[in-house]
Amino acid sequence: MVRIPLEVFRYAPGNASSRYDRFELEAEEHTPILTLLLKVRDEIDPSLAVRYSCRQAICGSCAVRINGKSRLACRTPVGPELARRSKVVIDPMANQPVLRDLVVDQKPFWDRYHAIRPHLIPDPAHPLPEGRESPMTPEQVSQFKETPRCIACASCYSACPAVGSDEAFLGPMALAKLYRFAVDPRDGGLRSRLEQVQNQSLWLCLRCNLCVEACPKDVRPGERIVDLKRMANQTLGEREAGSRHAIRFSSNLQASGLLNERRLAMDSLGMGGVIRQLPKAITMMRHGRSLRAPSPIAGLSEVQAIYRALDRPEDLMHRERPPSGEIKGPRAPTLAPHAPKAEPEAAAAGGGKP
Ligand code: SF4
Ligand code: SF4
Ligand code: FES
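So the sequence shown is numbered by the numbering used here: it starts at 345 and just counts up by one.
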């Protein structure tokens with residue numbers, strides 16, 4: 345048994361300020377944090393509000409921040425947390441308003457989930473068979489990658505800095521779910537789904553991978569966002585600043601081995617955008633940053649070789665449809681390639697990282 349200093353965030357509606365309550369408990373190192381919180385609630389302070397249900401990492405309802413990291417309380421043992429910080433500090437999840445103590449209002453999280461239309465969108469050209477299943481081949485199912493494992497715990501949403509900084513960002517879980525439908529060959533909404541997120545959400549992701557680190561089910565939402573960016577570039581092309589930035593970044597860097605920032609700004613934003621960025625450019629130059637075109641570096645061919653290797657990702661557009669509109673099972677894979685319909689380009693603006 346070890347002694348555990350536990351600090352728990354407390355807030356009650358109507359109170360202007362929040363506080364931390366400190367408790368001293370004894371437990372084995374393998375004891376889950378949720379067990380400690382329930383011990384506090386059952387034996388010390390029955391007013392502590394904490395959300396949970398399954399206690400087996402299935403329902404996703406017990407997520408809190410443990411020593412600053414968004415985690416499932418029911419599957420996080422106390423020992424490693426004590427070793428990390430010599431005490432255990434529990435906060436409610438971030439990016440959602442606190443209702444009471446450790447319970448947050450998950451409406452912002454679920455609003456974003458519903459915004460991506462988390463259901464199959466009928467494809468009039470390929471109607472699903474009525475009254476029967478629409479089986480998929482194992483290869484088609486494998487395109488979902490780890491996304492079906494998601495338990496909607498919102499740990500990734502809580503960990504994501506982009507969610508906190510921009511309301512337009514749909515967040516890692518919603519985008520991972522969108523990916524799941526984007527690669528589903530029975531779905532008819534690929535293009536409109538990508539259009540929905542290309543202008544804003546995709547390019548607001550900072551690629552920090554904190555969502556990947558936080559996810560208790562290894563769904564890897566940040567990696568699916570990268571896949572969506574690639575799909576959007578393949579399907580919609582360079583229709584807005586984020587896509588242009590990503591596509592031109594590669595060729596820009598391969599020209600000399602160093603980034604030609606002036607060229608990249610022009611390619612991504614156009615003349616109007618560059619003019620709007622002039623104050624920033626002047627500030628950068630005042631601080632010694634050169635915006636001149638760089639000279640080719642020694643070893644440029646090695647940089648180009650790396651990019652050639654990176655430019656051969658798996659084909660995410662491997663979406664197959666049968667000519668009849670019926671999705672055939674693994675034993676009858678007479679499938680024809682699916683090509684997204686061409687649609688007029690729309691003007692769009694935005695910015696972000698590749
Ligand atoms: S990688 Fe993107 S989605 Fe994931 S936490 Fe970072 S900013 Fe958020
Ligand atoms: S992607 Fe992972 S962290 Fe995010 S809601 Fe789903 S299970 Fe939770
Ligand atoms: S209580 Fe269900 S996931 Fe923790």
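No residue lacks a Cβ here, since even glycine has one placed at the ideal position from N, Cα and C. Please read these numbers as outputs of a predicted model, since none were measured by experiment.
Confirm the yes/no value for this check: CB of asparagine 596, any heavy atom of ligand 1, distance under 8 Å. no
State yes or no: is the C-beta of arginine 606 within less than 9 Å of the C-beta of arginine 636? Taking 9 Å as the Cβ cut-off, arginine 606 and arginine 636 qualify as a contacting pair.
Can you tell me the Cβ-Cβ gap for alanine 520 and cysteine 494, rounded? I've got them flagged as a contact below 8 Å. Alanine 520 to cysteine 494, Cβ: 7 Å. Contact.
Would you call the segment 526 to 537 and the segment 594 to 611 in contact, with 3 or more CB pairs under 8 Å? no
Helix, strand or coil for alanine 438, going by three-state DSSP, please let me know. coil
Whole alpha helix (DSSP H) elements within the segment 349 to 416, 4-residue minimum: 377 to 387
Spatial neighbours of arginine 456 in its chain, beta-carbon cut-off 7 Å, leaving aside the 5 residues before and after: Leu514, Gly515 and Ala518
Does aspartate 435 pass the burial test, meaning 16 or more other C-beta atoms within 10 Å, or should it be called exposed? buried
Does the beta-carbon of lysine 573 have 16 or more other beta-carbons within 10 angstroms, so that it is buried, or is it exposed? buried
For arginine 524, tell me which candidate among Arg583, Met575, Ala642 and Asn411 has the shortest Cα-Cα distance. Answer by Cα proximity: Met575.
May I ask you to check if the CB of proline 436 is nearer than 8 Å to at least one heavy atom of ligand 1? no
Element boundaries [alpha helix (DSSP H), containing proline 462]: The continuous stretches of alpha helix (DSSP H) do not include proline 462, and DSSP gives it neither H nor E.
Quick one: measure Cβ to Cβ for leucine 369 and leucine 350, integer angstroms, because I've assumed they're closer than 8 Å. Cβ atoms of leucine 369 and leucine 350 come within 8 Å of each other, at about 6 Å.
Would you give the residue range spanned by the alpha helix (DSSP H) that lysine 573 belongs to? 565 to 580
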